[in-house]
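*Asks:* Heads up: the sequence shown begins at 317 in the working numbering, then just goes up one per residue.
Where a beta carbon is used, it is the ideal one built from N, C-alpha and C, also for glycine.
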Amino acid sequence: WMLWPCFVSAQLSEARGSIVDSIHNSNISNAVVAFLSVEDSTLVSFVRTDPSGNFRKSVPPGNYLVLITCPTYADFVTRTTILPDQSNNLGRLFLIPRASVLEEVIISQRTIRIKGDTTEYMADSFRLKPNATVEDLLKQLPGLQVSSDGTVTAQGQTVKKILVDGEEFFSDDPTIVTKNLRADAVQKVQVFDKKSDQAALTGIDDGKSEKTINLELKDESKQGYFGTVAAGGLDRYYNFRAMINAFRKKRKLAAFAVAGTTSETGLDWTIAGNYGFSAANVQTNEETGVTTVSGKNADEMGSGNFSGQGLPESLKGGLHYSNAWMGC
């Protein structure tokens with residue numbers, strides 16, 4: 317018997333062309349040529365033009381939307397088919413200088429932009445229902461997915477952090493932002509790979525990064541409040557829950573209050589931890605049905621033994637404050 321190694325790789329075809337100024341007939345260097353899926357506008361790959369305005373990129377065969385962007389030119393979009401087993405020449409593609417077109421035309425085309433390693437989406441370019449949240453917005457963006465539990469995936473990788481104007485907003489749990497911040501407060505959504513804290517501190521790239529989303533707010537939304545309030549009741553049973561967040565430049569404030577006589581009188585353990593409470597130990601005896609809450613700060617979480625008798629009433633609250641200049 318003889319064994320021969322066999323290697324299988326995805327088939328790629330070359331796409332090439334050149335980007336030209338339509339007024340001066342000159343080559344345009346450093347323009348971004350992005351290949352988007354026709355089906356859902358997902359970003360497949362991108363390349364920048366060389367000093368001569370030329371580009372070459374290997375992509376899987378198929379149908380594409382080719383988006384070309386350059387800071388001083390109007391965006392250009394064309395549809396093309398990349399055939400297998402050959403070099404596909406897209407020819408000369410012409411960009412129009414911004415000064416030569418109406419600003420309204422430029423704005424309508426500025427839906428997705430590629431800036432270095434950052435993919436940027438203009439939030440107002442996507443139609444949403446009134447009072448939509450950031451989570452609703454992210455579900456509409458090409459290349460992003462949101463699962464039923466709120467986990468965000470971008471370009472196939474789980475998003476570990478969601479920043480607001482470049483800063484962490486209260487916690488490492490992205491759902492605090494996505495489920496509470498209104499979509500109409502956001503101007504841009506930026507997706508990028510954030511270097512590790514160690515690399516940021518030392519300036520030495522350690523090869524570690526995590527997929528991150530930054531929400532750039534509109535100027536009129538950089539000072540304000542957001543949150544959720546829910547209440548309900550029937551006969552002797554009631555439930556109330558409120559989470560209010562406020563920010564003004566570097567200062568951030570969050571508060572929550574929960575009250576009720578139902579089984580859902582507490583915050584999710586993860587969310588409660590984000591608002592200043594440490595994790596507690598929760599144990600339930602399956603035979604007796606008695607639930608015991610203990611551990612650090614367990615009293616704030618509603619510590620005690622409940623045997624299922626009577627109608628216990630629960631009241632909880634918490635406050636969190638941070639200010640960047642204080643080093644928090």
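Would you call Y541 buried or exposed, if buried means 16 or more other Cβ atoms sit within 10 Å of its Cβ?
*Replies:* Classification for Y541: exposed.
*Asks:* Is the beta carbon of I335 less than 7 Å from the beta carbon of P413?
*Replies:* Cβ distance not < 7 Å, so I335 and P413 don't count as in contact.
*Asks:* Spell out a yes or no on whether the stretch 439 to 456 and the stretch 489 to 504 are touching, meaning 3 or more CB-CB pairs, one atom from each, closer than 8 Å.
*Replies:* In short, these stretches touch, since the Cβ pair count reaches three.
*Asks:* Going by DSSP, what residue range makes up the beta strand (DSSP E) through Q456?
*Replies:* Looking at the DSSP string, Q456 is not in any beta strand (DSSP E); the run it does join, the alpha helix (DSSP H), is V450 to Q456.
*Asks:* For E484, name the three-state secondary structure that DSSP assigns.
*Replies:* Strand at E484.
*Asks:* Determine the DSSP secondary structure at V646, reduced to helix, strand or coil.
*Replies:* This structure gives no information on residue 646, because the portion of the chain shown stretches from 317 to 644.
*Asks:* Output the boundary residues of the beta strand (DSSP E) element that contains V382.
*Replies:* G378 to T385 is the span of the beta strand (DSSP E), which, as asked, contains V382.
*Asks:* Straight-line CA distance for L497 to F351?
*Replies:* Distance between the alpha carbons of L497 and F351 is about 31 Å.
*Asks:* How far does the alpha helix (DSSP H) with I492 in it reach, from first residue to last?
*Replies:* It spans T491 to T494 - the alpha helix (DSSP H) in which I492 sits, taken as one unbroken run.
*Asks:* Quick check: what's the CA-CA separation for S512 versus T577?
*Replies:* The alpha-carbon atoms of S512 and T577 are separated by roughly 44 Å.
*Asks:* Keeping to the same chain, check which residues put their C-beta closer than 6 Å to that of V480; ignore five residues upstream and five downstream.
*Replies:* The residues are L531.
*Asks:* Within the same chain, show all residues whose beta-carbon is closer than 7 Å to that of Y381, passing over the 5 residues directly before and after it, in chain order.
*Replies:* It is Leu, not Tyr, that sits at residue 381 in the sequence shown. Closer than 7 Å at Cβ, skipping near neighbours: L352, V354, S357, V393 and R395.
*Asks:* What is the C-beta distance between A570 and R557, in whole angstroms, given that I count them as a contact (C-beta under 8 Å)?
*Replies:* Going by Cβ atoms, the distance from A570 to R557 rounds to 14 Å, so no, they are not a contact pair.
*Asks:* Which of the three DSSP states, helix, strand or coil, is assigned to S537?
*Replies:* If DSSP states are grouped into helix, strand and coil, S537 belongs with the helices.
*Asks:* Exposed or buried, which one is G548 when buried takes at least 16 other CB atoms within 10 Å?
*Replies:* By the neighbour-count rule (16 or more Cβ atoms within 10 Å), G548 is not buried but exposed.
*Asks:* Check this for me: beta carbons of I529 and I478, under 7 Å apart or not?
*Replies:* Cβ atoms of I529 and I478: closer than 7 Å.
*Asks:* Strictly by DSSP, which residues pair up with T469?
*Replies:* Its beta-bridge partners are Q461 and T474.
*Asks:* What is the DSSP secondary structure of A439, counted as helix, strand or coil?
*Replies:* Helix.
*Asks:* Does P490 pass the burial test, meaning 16 or more other C-beta atoms within 10 Å, or should it be called exposed?
*Replies:* P490 should be labelled buried.
*Asks:* Determine, using beta carbons only, whether T397 and N370 come nearer to each other than 7 Å.
*Replies:* No, the Cβ-Cβ distance between T397 and N370 is not below 7 Å.
*Asks:* For a test of the three-state rule: what should DSSP assign to M617, helix, strand or coil?
*Replies:* Annotation note: pLDDT 41 at M617 (below 50); position unreliable, no value reported.
*Asks:* Where does A515 fall in DSSP's three states?
*Replies:* Helix.
*Asks:* In terms of residues, what are the limits of the beta strand (DSSP E) holding K524?
*Replies:* Unbroken run through K524: none, as it is neither H nor E.
*Asks:* Can you give the beta carbon distance from D535 to S525, rounded, assuming they're within the 8 Å contact cut?
*Replies:* Contact flag wrong, Cβ pair sits at about 30 Å.
*Asks:* Tell me which residue opens and which closes the beta strand (DSSP E) that R498 is part of.
*Replies:* Premise fails: R498 is in no beta strand (DSSP E) and is neither H nor E.
*Asks:* Using a Cβ-Cβ cutoff of less than 6 Å, which residues in the same chain neighbour G459 once the five nearest sequence positions on both sides are dropped?
*Replies:* The residues are T358, L359 and Q471.
*Asks:* Check for me: the beta strand (DSSP E) holding R429 runs from which residue to which?
*Replies:* I428 to K431 is the extent of the beta strand (DSSP E) around R429.
*Asks:* The beta strand (DSSP E) with N343 in it runs from where to where?
*Replies:* Neither: N343 is in no beta strand (DSSP E) and is coded neither H nor E.
*Asks:* Return helix, strand or coil for A570, following the three-state DSSP convention.
*Replies:* In the structure shown, A570 sits in a strand (DSSP, three-state: E or B).
*Asks:* Residues in the same chain with beta-carbon distance under 6 Å from V349, minus the five sequence neighbours each way, listed in chain order, please.
*Replies:* For V349, where only same-chain residues beyond five positions count, the Cβ hits under 6 Å are V363, F371 and I384.
*Asks:* Please tell me whether S374 and E330 are closer than 7 Å, where the distance is taken between their beta carbons.
*Replies:* Contact: yes.
*Asks:* Output the distance between the C-alpha atoms of I428 and S630, rounded to the nearest integer angstrom.
*Replies:* Each residue's alpha carbon lies about 48 Å from the other.
*Asks:* Taking the Cβ atom as the reference point for each residue, do P400 and P367 lie within a distance shorter than 7 Å?
*Replies:* Taking 7 Å as the Cβ cut-off, P400 and P367 do not qualify as a contacting pair.
*Asks:* Quick check on the DSSP output: the beta strand (DSSP E) that includes S374 runs from which residue to which?
*Replies:* From DSSP, the beta strand (DSSP E) with S374 extends over N370 to V375.
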